[in-house]
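>
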Amino acid sequence: MSLLQSALTRLEEAARVAGVSPETLLILQNPEREIGVHIPVRMDDGTLRKFRGFRVQWSSARGPYKGGIRYAPTVDLDEVQSLALWMTIKCAVADIPLGGGKGGVEVDPKKLSHAELERLTRGFARAIAPVIGPDRDIPAPDVGTSGETMRWIADEYGKIVGRPEPAVVTGKPLNAGGSAGREAATGQGGLYILQALQERLGKSPQETTIAVQGFGNVGYHFARLARAAGHRVIAVSDSRGGVAVNSGSLEPEALMEGKKATGELPMPPQGKRVTNAELLEISCDVLVPAGVENQITEENAGRIKARLVLELANGPTTPEADAILEKRGVTVVPDVLANSGGVIVSYFEWLQNREGRVWEEREVNERLRQTILAALKAMQKLKEEKKTSFRTAAYAVALTRLEEALRG
Ligand code: NAD
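Here numbering that gives the first Met the number 0 is used: the first residue of the sequence shown is 0, the next is one more, and so on.
Below, the structure written as structure tokens:
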């Protein structure tokens with residue numbers, strides 16, 4: 000099943016549970032607009048290469064489109080469409096006045112020089128400039144892109160419209176109109192959810208063991224914050240593999256320092272190396288997929304030992320795996336809620352830019368906590384009422400809100 004097919008399957012199931020009209024479902028089954036672009040880029044060696052890019056605008060029923068831009072060799076229209084649909088659901092679950100979109104460029108950013116990446120990004124910004132804007136569609140970082148990527152897009156867009164327009168993108172560095180707390184927001188939001196669900200585990204944070212797959216922006220900050228809050232982070236991994244400890248905890252900040260120095264996760268004291276497949280099946284209380292999609296599948300779901308799966312990556316669990324985990328009593332907190340901290344603080348960044356204000360990190364985090372916990376509460380209420388999974392409940396909450404917006 001393609002990623003989009005699995006996202007649509009979940010949408011249809013939730014539409015039945017939520018009782019939304021067939022017309023609402025019909026409207027939400029396709030994007031409002033999708034564009035494909037080819038970006039010519041002058042490489043450092045003087046040759047010209049072309050890269051394929053996409054921007055998919057799924058729904059503006061609740062506000063301007065909002066969604067990240069991904070740079071990866073695997074980017075294709077199916078992936079970008081699925082991510083755009085998930086953003087639509089995510090913004091509605093978080094109850095922020097934004098719609099859903101997503102973008103991507105088929106490129107391995109690690110194989111381009113810094114200057115080539117800048118030229119590619121500026122070229123992509125020019126190509127999508129007619130369809131983005133602070134009231135229209137607001138990109139943000141995703142896998143393979145960063146605050147710097149957003150700064151280049153804002154700068155290029157500002158040149159096109161002839162005025163500074165920082166609110167055209169979020170996830171910018173602080174000195175370019177970014178928000179305090181944005182970089183860590185997805186991990187921070189995930190931790191607020193974990194803390195709210197701690198009771199389910201019947202253990203204190205100090206007794207709770209966590210394994211994190213993906214040690215990039217999201218996975219690193221989550222691991223760092225969870226450790227600071229007292230949890231035991233017993234395994235982390237990146238695309239090259241992972242490290243784990245049998246007792247005590249890993250120290251995420253030290254691991255990141257080591258990774259920055261050598262490009263590889265350093266071996267921790269009394270630690271061992273694990274593969275990504277082993278990490279997923281490790282004995283732990285909480286499994287946090289924070290890398291890429293389709294990691295928990297029909298093949299390995301039966302061997303997952305965690306009691307709670309906190310999906311910080313988008314789409315890490317296939318529908319077949321969902322069914323297996325549910326049968327085994329494993330709670331899965333779905334991506335559309337678990338990782339919504341990023342888009343919630345992106346919304347705060349956009350508000351600050353538009354109002355010419357700067358909020359302190361404490362204020363950002365407190366508002367994030369309130370917003371994400373309100374989303375969790377709405378989802379839990381519907382879950383109890385309809386006796387359904389967290390994921391279906393989240394989609395159903397979103398669909399009900401989207402239907403109200405579509406009715407006008
Ligand atoms: P990133 O590029 O900073 O990090 C991705 C990490 O995953 C890297 O450590 C990489 O080595 C690792 N990885 C890649 N392939 C892997 C594999 N097969 N197995 C294990 N690890 C692998 O990206 P990010 O911004 O941290 O995003 C991670 C996930 O979170 C994505 O699914 C993204 O869509 C989602 N997400 C990100 C944000 C955000 O604010 N950045 C918000 C919501 C959701």
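Ideal Cβ placement from N, Cα and C applies to all residues, glycine included. It should be emphasised that the depicted structure is a prediction, and the values quoted were computed from it without experimental measurement.
Please say whether residue 38 and residue 126 have beta carbons closer to each other than 9 Å?
Yes, they are a contact pair.
> Tell me whether the beta-carbon of residue 315 lies closer than 9 Å to the beta-carbon of residue 9.
No, they are not a contact pair.
> Specify the secondary structure class of residue 214 as computed by DSSP and reduced to three states.
If DSSP states are grouped into helix, strand and coil, residue 214 belongs with coil.
> Could you compute how far the alpha carbon of residue 219 sits from the alpha carbon of residue 101?
Between residue 219 and residue 101, the C-alpha separation is close to 23 Å.
> Using only the alpha-carbon positions, how far apart do residue 162 and residue 217 sit?
Whole-angstrom Cα-Cα distance: 32 Å.
> Can you grab the Cα-Cα spacing for the pair residue 300 / residue 322, in whole Å?
Going from the Cα of residue 300 to the Cα of residue 322 covers about 9 Å.
> What whole-angstrom Cβ distance do residue 366 and residue 330 have, given they're in contact under 8 Å?
Wrong, their Cβ atoms sit about 26 Å apart, outside the cutoff.
> Near residue 76, what residues of its chain come up, given a Cβ to Cβ distance below 8 Å and the 5 sequence neighbours on each side ignored?
Counting only Cβ-Cβ distances below 8 Å, and skipping sequence neighbours, we find 33, 35, 53, 55.
> Given 8 Å as the limit, tell me if residue 352 has its C-beta closer than that to any heavy atom belonging to ligand 1.
Not so, every heavy atom of ligand 1 lies at least 8 Å from the Cβ.
> Residue 146 and residue 175: beta carbons closer than 9 Å?
Closer than 9 Å, so yes.
> Kindly identify the DSSP beta-bridge partner or partners of residue 139.
According to DSSP, residue 139 bridges with 67.
> Ordered along the chain, which non-local residues of its own chain (more than five positions away) have a Cβ less than 6 Å from that of residue 106?
Within the same chain, residue 106 has close Cβ partners 50, 70.
> By a C-beta neighbour count over all protein chains shown, 10 Å radius and 16 as the cutoff for buried, is residue 292 buried or exposed?
By the 10 Å Cβ count, residue 292 comes out buried.
> Can you have a look at residue 110 and say buried or exposed, based on whether 16 or more other CB atoms are within 10 angstroms of its CB?
It counts as exposed.
> Under the rule that 16 or more other beta-carbon atoms within 10 Å means buried, what is residue 47, buried or exposed?
With fewer than 16 other Cβ atoms within 10 Å, it is exposed.
> Output the distance between the C-alpha atoms of residue 353 and residue 19, rounded to the nearest integer angstrom.
Answer to the nearest angstrom: the Cα atoms are 34 Å apart.
> Going by the DSSP bridge assignment, what does residue 236 pair with across the sheet?
For residue 236, which the question treats as bridged, DSSP gives the partners 212, 241.
> State the CB to CB distance for the pair residue 122 and residue 340, rounded to an integer number of angstroms; the pair is presumed to be in contact (CB under 8 Å).
About 31 Å; that fails the 8 Å criterion.
> How about residue 237 and residue 257: do their beta carbons lie closer than 9 Å?
No. Outside cutoff.
> Less than 7 Å between C-beta atoms, sequence neighbours within five positions excluded: which residues of the same chain meet that for residue 155?
Result list for residue 155: 121, 124, 125, in chain order.
> Among 242, 252, 246, 240, which one has its Cα closest to the Cα of residue 226?
Ranking 242, 252, 246, 240 by Cα distance to residue 226 puts 252 first.
> Quick one: Cα of residue 160 to Cα of residue 137, how far?
One C-alpha to the other measures close to 15 Å.
> Curious, which full-length alpha helix (DSSP H) runs of at least 4 residues does the region 273–338 contain?
Qualifying alpha helix (DSSP H) stretches, in chain order: 275–279, 318–326, 334–337.
> Cβ-heavy atom distance between residue 69 and ligand 1 below 8 Å?
Yes, the beta carbon of residue 69 sits closer than 8 Å to at least one heavy atom of ligand 1.
> Which residues does DSSP pair with residue 39 in a beta bridge?
DSSP, once it has assigned bridges, lists 49 as partnering residue 39.
> Just checking residue 275 against ligand 1 - is the residue's beta carbon closer than 8 Å to any of the ligand's heavy atoms?
Answer for residue 275: yes, Cβ within range of ligand 1.
> Please check the pair residue 90 and residue 342, which I expect to be a contact at CB under 8 Å, by giving their CB distance rounded to whole angstroms.
The pair is a contact, with the Cβ atoms about 6 Å apart (cut-off 8 Å).
> Is any heavy atom in ligand 1 found nearer than 8 Å to the beta carbon of residue 143?
Yes, Cβ of residue 143 sits closer than 8 Å to a heavy atom of ligand 1.
> Look up residue 271 in the DSSP assignment and give the residues it is bridged to.
Partner(s): 243.
> Is any heavy atom of ligand 1 found at a distance shorter than 8 Å from the C-beta of residue 212?
At least one heavy atom of ligand 1 is nearer than 8 Å to the Cβ of residue 212, so yes.
> Taking the alpha carbon of residue 248 as the point to measure from, which residue in 229, 73, 313 has its own alpha carbon closest?
Of the listed residues, the one whose Cα sits closest to residue 248 is 229.
> Is the beta carbon of residue 21 within less than 8 Å of some heavy atom of ligand 1?
The answer is no for residue 21.
> Does ligand 1 have even one heavy atom less than 8 Å from the beta-carbon of residue 286?
Result no, Cβ not under 8 Å from ligand 1.
> Using a Cβ-Cβ cutoff of less than 7 Å, which residues in the same chain neighbour residue 289 once the five nearest sequence positions on both sides are dropped?
Same-chain partners within the cutoff: 211, 212, 213, 217, 218, 221, 311, 312.
> CB of residue 203 to nearest heavy atom of ligand 1: below 8 Å?
Checking every heavy atom of ligand 1 against the Cβ of residue 203, none is found closer than 8 Å.
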